[in-house]
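First residue of the sequence shown? That's 1 in our numbering, and the numbers climb one at a time after it.
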Amino acid sequence: MDYNVPIYDPYVRRGDGYYHPGNDEATLLLHVQHSYRDLAILLNTLSRLEHERARRLITKYAILELFSLDANIRQLANMVIRGRTEFHVTPEQTSHVKALRDAYDRSWRQHESTLTAIRHKLAAHREPVHLLGVVELWDSVNTTIVTDVIRHVPPLHDFIKDLNIFKWTITEMTESGEVTGFIQPFDGTTLTIPMRQQRATGQVVGGTQRGPSRAF
């Protein structure tokens with residue numbers, strides 16, 4: 001589900017007045033988006049490079065970021081498929097997520113051994129392998145294996161993003177105390193922001209106001 005509210009971004013949008021993830025699903029979604037954005041920057045930089053070694057160096061770092069993306073989008077998709085989301089997902093939606101996840105997974109498995117070897121022996125750290133082994137690994141570093149995997153990410157991400165499973169929260173200090181607002185699914189089509197005010201006595205005062213219905 002898309003929300004027309006400002007979401008906190010530790011890289012480019014900090015400070016008060018922003019919404020933060022209110023459940024694991026929202027946290028994973030943001031990490032997927034951050035990794036994908038960084039991959040886009042790396043690949044855009046790579047497209048402007050002519051020197052072959054420079055291109056392979058940038059590709060190495062793209063592979064590192066790809067592993068972060070894989071871990072988060074895989075966990076998010078599996079939460080939906082295994083029925084572990086906080087809010088309800090229909091069987092039809094679950095089946096569609098599984099189909100998209102499987103398409104992504106087939107591409108990942110096709111390149112996994114090469115990606116893992118590059119990550120472990122050339123990128124995350126350099127192992128003291130035989131120099132002829134380095135030649136083989138270095139020659140396997142190319143953008144094709146990266147782009148072949150990430151082309152399956154947008155369909156999976158975009159479908160999951162529109163599910164009613166994400167919760168966002170914001171906390172503000174007022175003259176009466178700390179107020180926390182939530183944006184979360186209500187009935188599958190309506191969003192609400194229950195407001196909770198914590199007073200010095202520990203009393204919680206509840207209330208509800210209509211929330212936005214479009215996404216960030």
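Glycine residues also receive a C-beta, built at the ideal position from the N, C-alpha and C atoms.
A quick note: this is a predicted structure, and the numbers were derived from the prediction, not measured.
Going by DSSP, what residue range makes up the beta strand (DSSP E) through E172?
Residues 168-174.
Exposed or buried, what is T90 when buried is set at 16 or more other beta-carbons lying within 10 Å of its beta-carbon?
Exposed.
Please classify D162: does DSSP put it in a helix, a strand, or coil?
Three-state DSSP puts D162 in coil, outside helix and strand.
Between P6 and Y18, what straight-line distance do the alpha-carbon atoms span, to the nearest angstrom?
Cα to Cα, the separation comes out at about 5 angstroms.
Specify whether the segment 29-42 and the segment 60-78 touch according to this definition: at least 3 beta carbon pairs, one from each stretch, less than 8 angstroms apart.
With three or more CB-CB distances shorter than 8 angstroms, the segment 29-42 counts as touching the segment 60-78.
Identify the residues that DSSP records as bridge partners of R13: which are they?
For R13, DSSP records a beta bridge to D9.
Looking at K171: is its Cβ nearer than 7 angstroms to the Cβ of T59?
First, the residue type needs correcting, since residue 171 is Thr and not Lys in the sequence shown. Going by C-beta atoms, T171 is not nearer than 7 angstroms to T59.
Using only the alpha-carbon positions, how far apart do T180 and R56 sit?
For T180 and R56, the distance between alpha carbons rounds to 47 angstroms.
Compare the C-alpha of F67 against each of E86, V149, T174, Q93 and name the closest.
Residue V149 is the option with its Cα nearest to F67.
Give the straight-line distance between the Cα atoms of T169 and T85, rounded to the nearest whole angstrom.
Our two residues, T169 and T85, have alpha carbons roughly 17 angstroms apart in a direct line.
According to DSSP, is P128 helix, strand or coil?
DSSP places P128 in the coil class of the three-state scheme, outside both helix and strand.
For Y19, which three-state DSSP category applies?
Three-state result, Y19: strand.
Please classify N78: does DSSP put it in a helix, a strand, or coil?
Residue state, collapsed to three classes: helix.
To the nearest whole angstrom, what separates the beta carbons of A62 and L39, a pair I think is in contact under 8 angstroms?
Indeed, because the Cβ distance is near 6 angstroms, the residues count as touching under 8 angstroms.
Measuring CA to CA, which of D139, K167, F159 is closest to E25?
Among D139, K167, F159, the Cα nearest to that of E25 belongs to K167.
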